[in-house]
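These notes are about the structure you will find just below.
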Amino acid sequence: MNRIHLLFVCSRNQWRSPTAEQIYRNDARVSVRSRGTARNAKRTINADDIRWSDLILVMEDKHRRRILADFPDPSRHTPLHVLDIPDEYQPMDPELVELIRSATEPHLDAVHQEQLRREQLRRGRQ
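Structure (structure tokens):
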């Protein structure tokens, strides 16, 4: 099974998305990146990030809207979900870590199940 290419996005790629990246960095299920939507973000999201991703998880709806506006073509092919995590935590704050994990796992499970389904279909055609 291929690793899921997981992209976390917040505004400035300063606290929330880098925390999420750190949490999942050593998770064997995923290859992970984090980006920001703001022009002054530490690492600003681009079309290559969108194309790389199997799953995009954004912290707030404004990030989803920005991605859809800036990358309308590539983003329509990638699952894009809002985690609803406000910008009120410091990096690696235990509450932030728990929020990210609990919000992320159902989406990872769904993508994993879809990968399994596709693999079964592929095997059935051989």
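Start counting the sequence shown at -18; every next residue gets the next number (my numbering).
C-beta: ideal position from N, C-alpha, C; glycine also.
As the structure is a prediction and not an experimental result, all values here were calculated from the model.
Best match in the options for proximity to residue i [C-alpha to C-alpha]
i	options	result
V11	R104, H93, R99 and L97	H93
K23	Q3, I37, W(-4) and Y5	W(-4)
P75	N(-6), V(-10), Q3 and R(-16)	Q3
D68	D30, N21, R32 and V39	V39
N21	R(-16), R103 and N(-6)	N(-6)
Helix, strand or coil at residue i [DSSP, three-state]
i	result
L64	coil
T25	strand
S34	coil
S(-2)	helix
H58	coil
S12	strand
Whole-angstrom C-beta distance between residue j and residue i, which should lie under 8 Å
i	j	result
D35	T59	7 Å
I81	T0	6 Å
L77	I37	Not confirmed; about 19 Å, so no contact.
W33	H88	The Cβ separation is near 17 Å, so there is no contact.
Under 8 Å between C-beta atoms of residue i and residue j
i	j	result
I66	T18	no
S(-2)	S15	yes
A28	F52	yes
R45	L61	yes
Within-8 Å CB hit, residue i to chain D
i	result
P72	The structure shown contains no chain D; it holds only a single protein chain.
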